[in-house]
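Here the working numbering is used: the first residue of the sequence shown is 293, the next is one more, and so on.
Even for Gly, the Cβ is constructed at its ideal location relative to N, Cα and C.
Small disclaimer: the values here were computed from a predicted structure and weren't measured.
Taking it in order: structure first as structure tokens, then the write-up.
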Amino acid sequence: MAQYKIATIGSHSALQILKGAKDEGFETICVCLKGREKPYESFKVADKIIIVDDYQGFFDVQDQLIKEKAIIIPHASFIAYLGPEKVEGFKVPYFGNKKILDWESDRNMERKWLGAAGLKMPMIFKNPEDIDRPVITKFHGAHGGAGYFVAKDLKDWKQKMKAYKGEQDYVIQEYIMGVPCYIHYFYSSLTGEIELLGFDKRYESNVDSLGRISARDQIALPKIDPSYVIVGNIPIVVRESLLPEIFKMGENVVKESQKICPPGLFGPFCLETIITPNQEIITFEISARIVAGTNPYIDGSPYTALRYKEPMSTGRRIAREIKLAIKQDKLNKVLG
Ligand code: ATP
């Protein structure tokens, strides 16, 4: 075990991943874009920091990482920096199932997967003329929901769409009234068990600030459109009666993934949901890896406190899984 190292790219949830790896006894490597290394030095989570000048640099250090016996832990920035189509060819041992990326990054495939798992999802309006309720329009590649807009009906949608002339790559979803809730799961391919690690909601600019301005002032400032640019994450504990369904949802998503994309989804993943006043849990997206919403729980969440005797973050849970796999000589079960 001692010879393996845990590596990731310095962004997103790297502090948590590297700290968790150290807590489990691994040496750690952080690959950083030049100018972004300060937090990883200051918080002392990386035994080695490799600085690269640009995104291409991540590919250039592959041989060095392989030589160091590094296992790379992917997060959203890792996928975004490399480009999802290039992850498959990344040669360094990788925690997770790379093939799941195809299912997650294609909206239609993702919907097929979650639908087959029995999850409730927002309606999609393929033809705008069918809009009969409030909708949210999401543009592909609108990073962090910057270009999303909400429309109350078809007339409003047509009016707002004028600002996006020529745009073709978007989806019109039913706007779900309720509270956002991001569910953090971990599925162990070694034990066959799903674990619930925590929940968060996002702190988004400017939508989370609209309530700070009275409706009267909002109307007086007609230029305010909500945007969903993520700035941070806020912990949540959900009412306990929701938990049985939440476990079931995670289990079904994993089971279905094993059919569509063997060996299926394992490690951390997140269902991004809105919970309505009727307590319906509507899922609008899945992230098939660690999400930044787990960052408030570097010292463990209320849920990991129930299950583990020591502080257990998602990052540490990943490292523990790798440690277990090494001990049981099953590393191939956790590398994709
Ligand atoms: P990600 O970073 O997870 O890939 P994103 O930030 O680009 O995604 P989403 O997570 O899809 O965007 O959504 C951004 C915001 O819009 C979230 O706050 C979410 O709660 C809200 N939202 C998304 N879909 C719906 C919906 N169908 N109804 C109501 N609100 C929604």
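*For leucine 482, which of helix, strand or coil comes out of DSSP?*
coil
_Spatial neighbours of serine 432 in its chain, beta-carbon cut-off 7 Å, leaving aside the 5 residues before and after_ = Per the sequence shown, the amino acid found at residue 432 is histidine instead of serine. Answer for histidine 432: Asp461 and Tyr462, listed in chain order.
*asked:* Just checking proline 518 against the ligand ATP - is the residue's beta carbon closer than 6 Å to any of the ligand's heavy atoms?
replied: no
*Mind checking whether leucine 411 and valine 384 have CB atoms under 7 Å apart?*
no
*Is it a yes or a no for the segment 389-400 touching the segment 555-562, going by three-plus beta-carbon pairs under 8 Å?*
yes
_Between Val323, Lys330, Ala362 and Lys340, which has its C-alpha nearest glutamine 295's C-alpha?_
Ala362
*For the alpha helix (DSSP H) that phenylalanine 539 lies in, which residues bound it at each end?*
535-552
*Distance cut-off 6 Å: tyrosine 456 Cβ against heavy atoms of the ligand ATP*: no
*asked:* What I want to know is whether the C-beta of isoleucine 573 ends up closer than 6 Å to one or more non-hydrogen atoms of the ligand ATP.
replied: no
*Should proline 472 be listed as close to the ligand ATP, given that the test is whether its C-beta is under 6 Å from any heavy atom?*
yes
*Does the distance from the CB of lysine 551 to the CB of isoleucine 526 come in under 7 Å?*
no
*With a Cβ-Cβ cutoff of 7 Å, do isoleucine 486 and glutamate 543 count as a contact?*
yes
_Any 3 or more C-beta pairs closer than 8 Å across the segment 374-384 and the segment 585-594_ = no
*Rounded straight-line distance, which links the Cα of serine 303 to that of serine 369*: 6 Å
*Start and end residues, beta strand (DSSP E) containing tyrosine 265*: Since the displayed the chain opens at 293 and closes at 628, residue 265 lies outside it and no answer follows.
*asked:* Any heavy atom of the ligand ATP inside 6 Å of the beta-carbon of proline 594?
replied: no
*State yes or no: is the C-beta of leucine 376 nearer than 6 Å to some heavy atom of the ligand ATP?*
Residue 376 is actually proline in this sequence, not leucine. No, the ligand ATP has no heavy atom inside 6 Å of this Cβ.
*Under the assumption that aspartate 445 contacts isoleucine 416 (Cβ atoms under 8 Å), give the Cβ distance between them as a whole number of angstroms.*
Their Cβ separation, rounded to whole angstroms, is 17 Å, which puts aspartate 445 and isoleucine 416 out of contact at 8 Å.
*With distances taken from CA atoms, which of Glu319, Ile468 and Ser501 is nearest glutamate 572?*
Ile468
_Can you find the residues in the same chain that come closer than 6 Å, C-beta to C-beta, to threonine 568, ignoring five residues on each side of it along the sequence?_
Gly470
*Could you check which residue in Ile582, Ser497, His476 and Ser506 has the C-alpha nearest to that of leucine 563?*
His476
*Status (buried if at least 16 other CB within 10 Å, exposed otherwise) for arginine 581*: buried
*Should isoleucine 505 be listed as close to the ligand ATP, given that the test is whether its C-beta is under 6 Å from any heavy atom?*
no
*If you count every other CB in all the chains shown that lies within 10 Å of the CB of valine 529, and 16 or more means buried, which is it?*
exposed
*Straight-line gap, arginine 612 to isoleucine 321 (C-alpha atoms, nearest Å)*: 17 Å
*asked:* Need the endpoints of the alpha helix (DSSP H) that threonine 606 sits in, please.
replied: 606-619
*With burial defined as no fewer than 16 other Cβ atoms inside 10 Å of the residue's Cβ, what is the status of serine 481: buried or exposed?*
buried
*asked:* Less than 6 Å separating the Cβ of threonine 467 from some heavy atom of the ligand ATP?
replied: With the sequence shown as reference, residue 467 is identified as tyrosine, and threonine is not the correct amino acid for it. Tyrosine 467: yes, Cβ under 6 Å from the ligand ATP.
*Using the Cα positions of isoleucine 574 and alanine 408, report the straight-line distance between them to the nearest angstrom.*
14 Å
*Alpha carbon to alpha carbon, what distance is there between alanine 507 and alanine 299?*
48 Å
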